[in-house]
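Chains as they are written, first to last, in the working numbering: chain A, 1 to 320; chain B, 321 to 640.
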């Protein structure tokens, strides 16, 4: 068995990453979107990194995977009492990572170093890695101009029509040594794109200058898992943004965004009738249970994806 | 009735300030010690300011007056989980003021402006004013060198022997326009030194360059209330530090630290037998109930102190 690199963000991505971690342990490196990072009250928030850390650390709330379990909201109410901003509705525990991150960055540490410290303290053997130590900010292009994604999602509820997305800073952002090491690994077995919004979660990662080439460098199969099941994004904004962009929110449309990058695509069992349509894009397709309600579901999907990667690799080897 | 200026810090000081506020409303200006301010996790903590704000805002916890009521400790536990520092044991709500203060200061606002904003938002009609917008830091001189007071008190539990105190920055700190206005008021009726540690709460305020002169400028009587009752400081560190400095922790010893500044000194009823001894220092003395267990106690002591100030003023007028 070799090493596995996963790309992700959001709760769905964190769930599959957790499954991969439970199957592969320290052989997993998870590259996480930081395009939705933002500053609030002078603190550095990295929602996708924290969601991943809580999931792999086993402390995510079961009902709200982006928060630690047992979250409270005392500080937020006091902020309002003192005349501070009332949103976003951050819990008390969720502020801890932001506080320590801000302190670390202010002391000159890299985001990657701060994140790996969190991994150590949470007992996570896998490497959770920001996609870059340089800032990238995803904006949604609307009639009112470019809006930072956290504002588009949190304050505007994805209301404004999206004409496109831009990833400010992605072309100058450097790939960290830690991400390079993970993707250069001689025993890299698979690259897994977890089920997350292809536009604002996976998109920014792929836009980092040189990332697409690097993902294919070792020749390991690249497998993506659909975030769209039965015509609906399971969580978040993918469906709405896709419709705004004139695309049907289907697994095929997601797969099309990964053309020339992925070798295989996993659709949900209930969308099995779309398999041929996706296959016609020029990739292998597997239908599986992609909805992860339990920890067992995460582990099962992780195993399924890794087996699929193996079969894709074997098929490629036969052709070559 | 004129205006009243109070000097204070700590819970005892905040209680009497609250009593004065309940009696005089917006005619009160409270000048608060900032010598114990500190940075933690990159945030600006002002414990005495916040204690005063919670008291006058009517949201202080009844059992721990330095905290807002309904305090929780979720963030602190998460900080530890993530490998952050474990102390001081700040609650979630207590962080709100520090966060907003840090943000305000980072944006170039003065500590006084930030504090007056808090007053407005808490519905406090009185002016709660930091003793200066410039940093002053109280250190305790020990065998191991000068230790910042918050560390001496919080982490070291006042254990090291104190040889003295120093107020770093006090000689360069400027008196703010708001404090100048309060002390220049033509109708200034009394200056009240609330019951708080004379060394690390009232001391720093008095050490600000020009403050002692200013306190006497309008000729209003200056009245101090003892923080020592029956040989014990009601809260905090006064007794220990006084003994370290070779002084008996008595009302007389406290009064002696205010020589040539105050006109009258309020001792507790249970120390009434010490009245003559204090009087011999050359000041008027009143024995009253200084222990404030209830809101009514605060109001009663405030009225007593203001009446005492009036009699002192009348006596001065007769002499002149």
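Even for Gly, the Cβ is constructed at its ideal location relative to N, Cα and C.
C-alpha distance - residue i paired with residue j, whole-angstrom precision
i                      : j                      : result
residue 598 of chain B : residue 516 of chain B : 18 Å
residue 571 of chain B : residue 545 of chain B : 9 Å
residue 9 of chain A   : residue 33 of chain A  : 6 Å
residue 595 of chain B : residue 406 of chain B : 46 Å
residue 581 of chain B : residue 80 of chain A  : 41 Å
residue 333 of chain A : residue 40 of chain A  : Nothing can be reported for residue 333 of chain A, as the shown portion of chain A is limited to 1 through 320.
residue 432 of chain B : residue 323 of chain B : 19 Å
residue 323 of chain A : residue 28 of chain A  : Lying outside 1 to 320, the shown extent of chain A, residue 323 of chain A is not represented and no answer is given.
residue 174 of chain A : residue 117 of chain A : 21 Å
residue 427 of chain B : residue 454 of chain B : 16 Å
residue 557 of chain B : residue 473 of chain B : 8 Å
residue 144 of chain A : residue 206 of chain A : 26 Å
residue 380 of chain B : residue 228 of chain A : 50 Å
residue 390 of chain B : residue 369 of chain B : 19 Å
residue 383 of chain B : residue 249 of chain A : 56 Å
Reduced DSSP secondary structure (H/G/I, E/B, other) of residue i
i                      : result
residue 444 of chain B : coil
residue 325 of chain A : What is shown of chain A runs 1 to 320, which leaves residue 325 of chain A out entirely.
residue 136 of chain A : coil
residue 68 of chain A  : strand
residue 466 of chain B : strand
residue 213 of chain A : helix
residue 154 of chain A : helix
residue 172 of chain A : coil
residue 363 of chain B : strand
residue 189 of chain A : strand
residue 247 of chain A : coil
residue 76 of chain A  : helix
residue 207 of chain A : helix
residue 25 of chain A  : helix
residue 332 of chain B : helix
residue 53 of chain A  : helix
residue 167 of chain A : strand
residue 304 of chain A : helix
Cβ pair residue i, residue j closer than 8 Å
i                      : j                      : result
residue 559 of chain B : residue 591 of chain B : no
residue 573 of chain B : residue 587 of chain B : no
residue 14 of chain A  : residue 65 of chain A  : yes
residue 95 of chain A  : residue 425 of chain B : no
residue 161 of chain A : residue 142 of chain A : yes
residue 167 of chain A : residue 136 of chain A : yes
residue 139 of chain A : residue 148 of chain A : yes
residue 185 of chain A : residue 101 of chain A : no
residue 418 of chain B : residue 82 of chain A  : no
residue 190 of chain A : residue 146 of chain A : no
residue 72 of chain A  : residue 91 of chain A  : yes
residue 188 of chain A : residue 299 of chain A : no
residue 319 of chain A : residue 284 of chain A : no
residue 263 of chain A : residue 291 of chain A : no
residue 579 of chain B : residue 535 of chain B : no
residue 358 of chain B : residue 470 of chain B : yes
residue 294 of chain A : residue 16 of chain A  : no
residue 103 of chain A : residue 362 of chain B : yes
Nearest candidate by alpha-carbon position, reference residue i, set the options
i                      : options                       : result
residue 297 of chain A : A:3, A:6, A:2 and A:12        : A:12
residue 125 of chain A : A:61, A:16, A:111 and A:24    : A:24
residue 512 of chain B : B:452, B:637 and B:351        : B:351
residue 321 of chain A : A:36, A:186 and A:110         : Coverage of chain A is limited to positions 1 through 320, which leaves residue 321 of chain A absent and any answer about it impossible.
residue 524 of chain B : B:417, B:452 and B:547        : B:452
residue 165 of chain A : A:56, A:244 and A:4           : A:244
residue 119 of chain A : B:436, B:404, B:470 and B:562 : B:404
residue 576 of chain B : B:600, B:368 and B:527        : B:600
residue 589 of chain B : B:336, B:567 and B:609        : B:609
residue 35 of chain A  : A:28, A:46 and A:16           : A:46
residue 77 of chain A  : B:382, B:383 and B:413        : B:413
residue 537 of chain B : B:501, B:527 and B:362        : B:501
residue 519 of chain B : B:552, B:479, B:548 and B:561 : B:561
residue 277 of chain B : B:370, B:566, B:390 and B:321 : A query on residue 277 of chain B cannot be resolved here, the shown segment of chain B reaching from 321 to 640 and no further.
residue 1 of chain A   : A:103, A:310, A:301 and A:7   : A:310
Any non-hydrogen atom of the ligand HEM closer than 7 Å to residue i Cβ
i                      : result
residue 581 of chain B : Summarising the ligand content, the structure contains no ligands, and the ligand HEM is consequently not present.
Inter-stretch contact (C-beta, 8 Å, three-pair minimum) for the segment 293-309 of chain A and the segment 16-23 of chain A
yes
Is there contact here, the segment 170-182 of chain A with the segment 209-221 of chain A, by at least three beta-carbon pairs under 8 Å?
yes
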